[in-house]
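Numbering (this note's numbering), first residue to last: 520 to 785.
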Ligand code: FPP
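This is how it looks when you write it as structure tokens:
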């Protein structure tokens, strides 16, 4: 029986101030994260992969709080891809149970921090208990004014794009939409992330340099920060380094001029 105690501890929370090396005016409005390396972290310690995922939840909680404290508007994480179903059944069902436990136990804290949580992906293929919890959490936090926290679960970028294409085709056939009016704005309004600006920064842990079918449209102009750090070890300093790296970039969006504001693609 797995011990979930590490994800239920309720330490007194003190807000973390932005490190002075970071420019508060150039904090990314939206950060996307591919949380990779839980399995390798566990293996290196002679632990089960499940322990790695539990440790990954702690890293996620820390990252969410820091992003919220440091003024990031939205955090979107890749928790479970459409390809992850091919993992051993035991690991898949462990992850589903973990999502349920974490959601149940963290909901009050999320609400207190004014987090607006959403799950993005094909949610109807998830266990019905998890779907119920997701619906409750989404409804409860829908009007919260704090950070937008998007958890991509049973998510695939190509699948999302195919769904948008289908939806636009259906709307065109029904007469609701003139196909000649379809442009990037009309298209992106149908994406799962429609209410958020595109991510300014993508962080991928564990040294892998792939997009892995994550937010294929939305990451078109994102700066990419790859770190060798395994996800469970991703901490305050790791986020600080990612933001320093981000702030050292000149964002051009295909043009020639340096754009001063980190949020210039909005
Ligand atoms: C990748 O590491 C990690 C995952 C597939 C799962 C990530 C999920 C969490 C951190 C829990 C999130 C919980 C909630 C409620 C949002 P890996 O297993 O691919 O590691 P490896 O590449 O080293 O094998």
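No residue lacks a Cβ here, since even glycine has one placed at the ideal position from N, Cα and C.
Only exposed fits residue 563, as fewer than 16 other CB atoms lie within 10 angstroms of its CB. Assigned with DSSP and collapsed to three states, residue 755 falls in helix. Note on the stretch 659-704: whole beta strand (DSSP E) runs with a minimum of 3 residues are 667-674, in chain order. If you check the CB distance, residue 746 and residue 731 do not come in under 9 Å.
When C-beta atoms of the stretch 644-651 are compared with those of the stretch 679-688, fewer than three pairs fall below 8 Å, so the two segments do not count as touching.
Closest in alpha carbon position to residue 721, among 630, 639 and 593, is 593. Around the C-beta of residue 664, fewer than 16 other C-beta atoms lie within 10 Å, and the residue is accordingly described as exposed. Of the other Cβ atoms in all chains shown, fewer than 16 fall within 10 Å of the Cβ of residue 727; this residue is therefore exposed.
When C-beta atoms of the stretch 697-712 are compared with those of the stretch 619-636, fewer than three pairs fall below 8 Å, so the two segments do not count as touching.
The DSSP-derived three-state label of residue 567 is coil. In the DSSP annotation of this structure, the continuous segment of the alpha helix (DSSP H) that includes residue 628 starts and ends at 608-631. Check the Cα spacing between residue 763 and each of 750, 751 and 743: the tightest is with 743.
Assignment of residue 597 by DSSP, reduced to helix, strand and coil, places it in the strand class.
In the DSSP annotation of this structure, the continuous segment of the beta strand (DSSP E) that includes residue 635 starts and ends at 635-639. If you compare the alpha carbons of 584, 613 and 734 with that of residue 570, the shortest gap goes to 613. If you draw a straight line from the Cα of residue 661 to the Cα of residue 631, it is about 13 Å long. Assigned with DSSP and collapsed to three states, residue 723 falls in strand. Residue 573 is not bridged by DSSP to any residue.
Taking the CA atoms as reference points, residue 694 sits about 45 Å from residue 584.
When DSSP states are grouped into helix, strand and coil, residue 602 belongs to the helix group. At the C-beta level, residue 551 and residue 733 come within 9 Å of one another. In this structure residue 597 is in contact with residue 671, their Cβ atoms being roughly 5 Å apart against a cut-off of 8 Å. Judged by DSSP secondary structure, residue 548 falls outside any beta strand (DSSP E); it is assigned neither H nor E.
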